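The working numbering puts the first residue of the sequence shown at 1010, with every later residue one more than the last.
Glycine is no exception: its CB is placed at the ideal position from the N, C-alpha and C atoms.
Just so it is clear, the structure is predicted and the values come from calculations on it, not from any experiment.
Inspection log for the structure reproduced underneath, given as structure tokens.
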Amino acid sequence: MKKKSLLIPAIFVFMILSSFTSYASVASDKKQMKQAVYQYLEAVDNYDSDNIISCFQPRKYRKGFITWNNSSVYTKVIRKLHKDYFLYKISSVSVKGKKGNVTVRVRYYDAYDLVQNGFDDAIYDWGIYHLDASESELQKKIYSYTMKEYKNEIYPEYYIKCKTVKIPMVKVGGKWKIQKMTKSMQNFTDCRTVESINKIDY
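The following block contains the structure:
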């Protein structure tokens, strides 16, 4: 009687174990990626610039990354807008090696016009009559006029945006980090306040 070869069964066992190990590794990566993105979205919700920055890979690899510091008047504006409107949900996660993407559905308030109108009102209704005012006083007035503009908006739903955003991820030192700040990410992170201020003609 011939002995059955153990080679073929051994190969099948190896293939099954390899497949299981690979699946487990991908599942673990996806879980870590989701956790990293949730950490970022929670930081955005509170608009904590330090925590937002910590979600990204080292600064030398980041591009197009701008945040307001925690004492900025626009940080207060963003926090109010996020409190009223910001919602998010992760819809999918994909990974290949040490890179991947997390796709997120977000709702946020587009403050591009709000920021420009609030700034103009503060300068032309108050600033030109108080040329000796301190920077601190001016900042308080900018916030006051911006919030007044916000509360008086007749059609706020016009400025509410719902977008699907892909967040690029990279594994650095065994941890998943956001690879870079994309334009679409910047839009919902700061409600387009940075873009708006950069377009104001002083």
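For the 8 Å CB-CB criterion, Cys-1064 and Tyr-1117 do not form a contact. Boundaries of the alpha helix (DSSP H) harbouring Lys-1208: 1202-1208, taken from the DSSP string. The alpha-carbon separation between Tyr-1152 and Gly-1106 amounts to approximately 46 Å. With respect to Ile-1061, Asn-1110 sits apart: the two C-beta atoms are not nearer than 8 Å. The Cβ atoms of Asp-1054 and His-1091 lie closer than 8 Å to each other. Between the alpha carbons of Tyr-1167 and Lys-1149 lies a gap of roughly 27 Å. Between the alpha carbons of Ser-1080 and Lys-1040 lies a gap of roughly 34 Å. Membership of Lys-1089 in the alpha helix (DSSP H) is indicated by the continuous run 1082-1094.
Boundaries of the beta strand (DSSP E) around Ile-1187: 1184-1187.
Excluding its 5 nearest sequence neighbours in each direction, Val-1102 has C-beta neighbours in its own chain below 8 Å: Lys-1039, Met-1042, Lys-1043, Gly-1109, Asn-1110, Val-1111, Thr-1112, listed in chain order. In this structure, Tyr-1097 is the residue among Val-1086, Tyr-1097, Asp-1134 with its C-alpha nearest to the C-alpha of Met-1194. The alpha-carbon separation between Val-1104 and Glu-1051 amounts to approximately 22 Å. With a minimum length of 3 residues, the unbroken runs of beta strand (DSSP E) contained wholly in the segment 1123-1199 fall at 1169-1181, 1184-1187.
Taking 8 Å as the cut-off, the beta carbon of Ala-1045 is found closer than this to the beta carbon of Trp-1185. The Cβ atoms of Val-1115 and Lys-1189 lie no closer than 8 Å to each other. Its Cα nearest to that of Thr-1198, the residue Phe-1095 stands out among Ile-1132, Phe-1095, Gln-1125.
Taking 8 Å as the cut-off, the beta carbon of Ala-1120 is found closer than this to the beta carbon of Thr-1202. Looking from the CA of Gly-1183, the closest CA among Gln-1066, Tyr-1049, Lys-1085, Asp-1059 belongs to Gln-1066.
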